[in-house]
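Enquirer: The structure is given below, and queries will be raised subsequently.
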Amino acid sequence: MVKKDKILSLLLTLLMLIAAAIIVNKAVFGYNIGSSSTDETATVSTGDTITTDSDGNTVIHTALVQGTISGYAGPVPLDIRISKGKITEIEPLPNAESPSFFKRAQTILDSWTGKTPDEALKMKVDAVSGATYSSAAIINNVNAGLAYYKGTDSRPAESTPAKIWIAFAVTLAACIVPLFVKNRIYHNAQMIANVIVLGFWCGQFLDYSLILKYISDGFVLPAALVALAMLTAAFIYPLFGKAQHYCTNICPLGSAQQLMGQICGYKIHMSQKATKALDWFRKILWAALMLSLWSDCLIGWMDLELFQAFQFESASWWIIAVAALFIILSAVISRPYCRFVCPTGSLFKRAENLG
1 MVKKDKILSL
11 LLTLLMLIAA
21 AIIVNKAVFG
31 YNIGSSSTDE
41 TATVSTGDTI
51 TTDSDGNTVI
61 HTALVQGTIS
71 GYAGPVPLDI
81 RISKGKITEI
91 EPLPNAESPS
101 FFKRAQTILD
111 SWTGKTPDEA
121 LKMKVDAVSG
131 ATYSSAAIIN
141 NVNAGLAYYK
151 GTDSRPAEST
161 PAKIWIAFAV
171 TLAACIVPLF
181 VKNRIYHNAQ
191 MIANVIVLGF
201 WCGQFLDYSL
211 ILKYISDGFV
221 LPAALVALAM
231 LTAAFIYPLF
241 GKAQHYCTNI
251 CPLGSAQQLM
261 GQICGYKIHM
271 SQKATKALDW
281 FRKILWAALM
291 LSLWSDCLIG
301 WMDLELFQAF
311 QFESASWWII
321 AVAALFIILS
331 AVISRPYCRF
341 VCPTGSLFKR
351 AENLG
């Protein structure tokens, strides 16, 4: 039986997130509320979908094309320039994607340069590892924009990379199997899969940026299947007594810490006083970060959560260094980042009425 206090705690947390989404993204459940600094039509909020620039190039504004899809954290609008029948440039416009994801994904933008629209529509461009959603959105937006330019409705079907289905399979296993199987060998195998597949290969995990964007813009399937499964484990499972299921069984950073903890038999003994003090630090930090969202101040911290370290080719060196430090510490201190710092983990604890 679900306890009323857990339901109330979850509802309170959702209200806090909705307030943050409205303030940060100026939208909730697909409805725009005022203007947003990350408006997908920042440069072409009104006007024609196809225009001509000062150099005589044809420009396709994908932000105004029906059928384009969002990336990891939001819309990924593009301007496609065509000159003398060939694509000369694909320019990314301001968007809500996490910078580290989009930096990796935009490396595919040159794939279409020099191609005619017909040639480009026939191309198969692979998504970038670690930026699957962002690169898939770029690919689909290019296809939608070029199909609109050609004046045809027979645009290629939206691409859902195989990596998303593999990530979904790994996530689904982590959601279901631990409910019935209590086996250390399986658990370790799942942790390894979480780190390699969800972390390094696909870049799939929950963080504030993703959660707030889904509250603001809603879900686009099938790309959002992985996030939906993770959100279910994080927010719904605890209602039925499965506390911290996401953090313990799915989160790639939590999995990396658990695996590292098995390497060393020695563990630092922390006094009850020290543990309590660190737990209070986590709570105060989380409260301060939430206040920064509600006041629309210093919201850039959402792009600095240590999960970004899995995208090591584009993440800041200091994020990688801090993440590595916490993973090393987890050899002698059980899951230090999860227990004493993680803002996303603190959010889940608040939803579970654990403080």
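So in our numbering, spot 14 of the sequence shown is number 14, and the numbers just go up one at a time.
In this text, a Cβ means the ideal position worked out from N, Cα and C, and glycines have one as well.
Which term fits T52, buried or exposed, when burial requires 16 or more other beta carbons within 10 angstroms of its beta carbon?
Expert: exposed
Enquirer: Tell me, please, whether the region 241 to 253 touches the region 192 to 211 by the rule of three or more beta-carbon pairs shorter than 8 Å.
Expert: yes
Enquirer: State the Cα-Cα distance for the pair S45 and K26, rounded to the nearest angstrom.
Expert: Only weak support exists for where S45 lies, its pLDDT of 44 falling under 50; the value from the coordinates is given anyway. Cα-Cα distance, rounded: 16 Å.
Enquirer: Going by Cα to Cα distance, which pick from G145, A189, Q190 and L225 is closest to L206?
Expert: L225
Enquirer: Would you give the residue range spanned by the alpha helix (DSSP H) that D5 belongs to?
Expert: K4 to N25
Enquirer: Please state the DSSP three-state secondary structure of E313.
Expert: In the structure shown, E313 adopts coil according to DSSP, grouped into three states.
Enquirer: Tell me which residues share the same chain as P178 and place their Cβ nearer than 6 Å to its Cβ, disregarding the 5 neighbours each side in the sequence.
Expert: N249, listed in sequence order.
Enquirer: Roughly how many angstroms separate the alpha carbons of Y266 and W165, rounded to a whole number?
Expert: 39 Å
Enquirer: Buried or exposed, going by whether 16 or more other CB atoms sit within 10 Å of the CB of M140?
Expert: With the sequence shown as reference, residue 140 is identified as Asn, and Met is not the correct amino acid for it. Per the 10 Å Cβ criterion, buried.
Enquirer: Between which two residues does the alpha helix (DSSP H) holding K267 run?
Expert: Segment: none, K267 is in no alpha helix (DSSP H) and carries neither H nor E.
Enquirer: Specify whether the region 282 to 295 and the region 225 to 235 touch according to this definition: at least 3 beta carbon pairs, one from each stretch, less than 8 Å apart.
Expert: no
Enquirer: Could you compute how far the alpha carbon of S134 sits from the alpha carbon of H187?
Expert: So the alpha carbons of these two residues sit roughly 30 Å apart.
Enquirer: Which residues in the same chain as N57 place their Cβ atom closer than 6 Å to its Cβ, once the five residues preceding and following it in sequence are excluded?
Expert: R81 and S83
Enquirer: Would the beta-carbon of L146 fall within 8 Å of that of P117?
Expert: Yes, they are a contact pair.
Enquirer: Would you mind reading off the limits of the beta strand (DSSP E) that contains T51?
Expert: Membership of T51 in the beta strand (DSSP E) is indicated by the continuous run I50 to T52.
Enquirer: Check this for me: beta carbons of W280 and S292, under 8 Å apart or not?
Expert: no
Enquirer: Are I18 and I215 touching if we call contact CB-CB under 8 Å?
Expert: yes
Enquirer: Taking P336 and F326 to be in contact with their CB atoms under 8 Å, please state how far apart those CB atoms are, rounded to whole angstroms.
Expert: Yes, they are in contact, since the Cβ atoms of P336 and F326 sit about 6 Å apart, within 8 Å.
Enquirer: Does the beta-carbon of I87 have 16 or more other beta-carbons within 10 angstroms, so that it is buried, or is it exposed?
Expert: buried
Enquirer: Buried or exposed for T113, going by 16 or more other Cβ atoms inside 10 Å?
Expert: exposed
Enquirer: If we ignore side chains and look at the alpha-carbon of each, how far apart do T344 and I236 end up?
Expert: 15 Å
Enquirer: Less than 8 Å separating the beta-carbons of D202 and Q257?
Expert: Looking at the sequence shown, residue 202 is not Asp but Cys. Their beta carbons are not under 8 Å apart, which means C202 does not touch Q257 by this criterion.
Enquirer: Just to confirm my understanding: we take I23, look at its own chain, exclude 5 residues before and 5 after, and list those with CB closer than 7 Å. What are they?
Expert: Same-chain partners within the cutoff: L293, W294 and D296.
Enquirer: Quick one: is P77 buried, meaning 16 or more other Cβ sit within 10 Å of its Cβ, or exposed?
Expert: When all chains shown are included, P77 counts as buried.
Enquirer: Where DSSP assigns a beta bridge to P94, which residues make up the other side?
Expert: Answer is none; P94 lacks a bridge partner.
Enquirer: With DSSP collapsed to three states, give me the class of D55.
Expert: coil
Enquirer: What's the call for E97, buried or exposed, on a 16-neighbour Cβ count within 10 Å?
Expert: buried
Enquirer: Over the uninterrupted beta strand (DSSP E) stretch that includes R81, give me the two end residues.
Expert: L78 to S83
Enquirer: Does DSSP classify K124 as helix, strand or coil?
Expert: coil
Enquirer: Excluding the 5 residues flanking G199 on each side, which residues of the same chain have their C-beta closer than 6 Å to its C-beta?
Expert: P252 and F310
Enquirer: Ignore the nearest five residues each way along the sequence and tell me which others in I185's own chain have a CB closer than 8 Å to its CB.
Expert: none
Enquirer: So, at 6 Å on beta carbons, what are the nonlocal neighbours of H245 in its own chain, with the 5 sequence-adjacent residues on each side left out?
Expert: A233 and Y237
Enquirer: What do you get for H61, buried or exposed, if any count of 16 or more other CB atoms within 10 angstroms of its CB means buried?
Expert: buried
Enquirer: On a Cα-Cα basis, can you pick out the residue from I268, Q272, C264 and L172 that is closest to A227?
Expert: L172
Enquirer: Nearest by alpha-carbon distance to T107: which of L15, E119, A127 and V170 is it?
Expert: It is A127.
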